[in-house]
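The numbering used here puts the first residue of the sequence shown at 38, with every later residue one more than the last.
Working notes, structure below.
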Amino acid sequence: MKVAIVAHPYKPDAPAAVQTVRGSFEERGLEVVLEERTAALVGEKGVENFAESADLVISLGGDGTLLQTLHRIGPTSTPIAGVNIGTLGFLTACTDDEVDLLSAHIATGEMNIVERSLLKVEMVEEGGVEHEFLALNEVVLMRGETGRLVSLEARVDGELLNHYRADGLIVATPTGSTAYSMAAGGPLLGPDAGVFAITPICPHSMSHRSLVVGECAVVELLPAGNGEEPILFSVDGRDILRIEKNSVVRVRRHEESLRLVRLPGHSFYETLRKKLHWHGG
38 MKVAIVAHPY
48 KPDAPAAVQT
58 VRGSFEERGL
68 EVVLEERTAA
78 LVGEKGVENF
88 AESADLVISL
98 GGDGTLLQTL
108 HRIGPTSTPI
118 AGVNIGTLGF
128 LTACTDDEVD
138 LLSAHIATGE
148 MNIVERSLLK
158 VEMVEEGGVE
168 HEFLALNEVV
178 LMRGETGRLV
188 SLEARVDGEL
198 LNHYRADGLI
208 VATPTGSTAY
218 SMAAGGPLLG
228 PDAGVFAITP
238 ICPHSMSHRS
248 LVVGECAVVE
258 LLPAGNGEEP
268 ILFSVDGRDI
278 LRIEKNSVVR
288 VRRHEESLRL
298 VRLPGHSFYE
308 TLRKKLHWHG
318 G
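Written out as structure tokens, the structure is:
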């Protein structure tokens, strides 16, 4: 079994963590390769296409690092296990203190895998040029350089949902429901809920609320103003582009899913309680 490690290149503890993770997996007889910048952290030469022949990718850093790793390798059936340098994240399998538990679990050959929905995002420019993106968390249309609200239109399966006057509009997966969408007042969604949430950002009308739709729906977002309002489009907080008046952003479920490794006994709801400081009876 081959394990590829990709680490956050700027975390101070990353070099030591790379050595610890590699050592733990090699002690259990697993082959380990390092991504190029990860290898440079420990003074070595790594592999450019680190995920190409790997049976498992270890993302070492945090939820943001795992998100970056996914965007680098694209839709894949290869499982990803996140190791957090610090506290446990929503996506990571364990902290760096639990690496031996993770390597022991992986060495059994029976990985505990959960699947997370991905979004296929098509942005069609005013002139007809098409761009395609992959999203794990969310797609956002938001106000640009000025502080003015923007006018946006949302459609579900071709039918008009609403015209919004707001700071922006978010379409979030269950995974993304704990990210920007939550900060905008959107609902928290269980990871296997099979839905998306459409949430306005600081809407002008108090009647504009989040809407949860089935993941088979096709959601379209369009500028609805006079074209003078600068509107930005982003996917997972990256790939930020300015869109024009007659552009269309089309969002649907991707045919691939993200396959995340979780340690037995760790759950999304346990992490949710810890992150949000909820208390049971």
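Glycine included, C-beta positions come from ideal geometry on N, C-alpha and C.
Computed from a predicted structure; not experimentally measured.
Those residues which DSSP pairs with residue i across a bridge
i: S188; result: R202
i: N121; result: G98, T132
i: K330; result: One cannot answer for residue 330 here, as it falls past the ends of the chain, which runs 38 to 318.
i: L259; result: E190
i: T236; result: I207
i: I143; result: Answer is none; I143 lacks a bridge partner.
i: V298; result: I150
Residue i, DSSP secondary structure in three states
i: P267; result: coil
i: D229; result: coil
i: R109; result: helix
i: M179; result: strand
Exposure of residue i, with buried meaning 16 or more beta-carbon neighbours within 10 Å
i: G164; result: exposed
i: G99; result: buried
i: T212; result: buried
i: S90; result: exposed
i: I12; result: It is not possible to answer for residue 12, since the shown part of the chain is limited to 38 through 318.
i: I277; result: exposed
i: R310; result: exposed
Residue i: first and last residue of the uninterrupted alpha helix (DSSP H) it sits in
i: G213; result: Counting along the chain, G213 falls outside any alpha helix (DSSP H), and DSSP gives it neither H nor E.
i: P52; result: 51-64
i: K312; result: 305-313
Residue range of the beta strand (DSSP E) that includes residue i
i: A77; result: Run containing A77: none in the beta strand (DSSP E); it sits in the alpha helix (DSSP H), 73-78.
i: G251; result: 248-251
i: L67; result: Per DSSP, L67 belongs to no beta strand (DSSP E) and is neither H nor E.
i: R279; result: 275-280
Contact test: residue i Cβ vs the ligand HEM heavy atom, cutoff 8 Å
i: D134; result: Questions concerning the ligand HEM fall outside what the structure shown contains, since it holds no ligand whatsoever.
Original post:
Do the stretch 260-270 and the stretch 181-201 meet, that is, are 3 or more Cβ pairs less than 8 Å apart?
Top reply: yes
Original post:
Would the stretch 139-153 and the stretch 241-248 be scored as touching if the rule is three or more Cβ pairs under 8 Å?
Top reply: no
Original post:
Between the stretch 134-141 and the stretch 306-318, are three or more C-beta pairs nearer than 8 Å?
Top reply: Taking 8 Å as the limit for Cβ pairs, the verdict is that the stretch 306-318 does not touch the stretch 134-141.
**OP:** Evaluate contact between the stretch 159-174 and the stretch 276-294, counting only Cβ atoms and requiring at least three cross-stretch pairs below 8 Å.
**Re:** yes
Original post:
Using 8 Å as the threshold, is the stretch 66-86 in touch with the stretch 252-264, meaning 3 or more CB pairs across them?
Top reply: no
Original post:
Would the stretch 116-131 and the stretch 63-76 be scored as touching if the rule is three or more Cβ pairs under 8 Å?
Top reply: no
Original post:
So, do the stretch 223-233 and the stretch 187-202 have three or more beta carbon pairs nearer to each other than 8 Å?
Top reply: no
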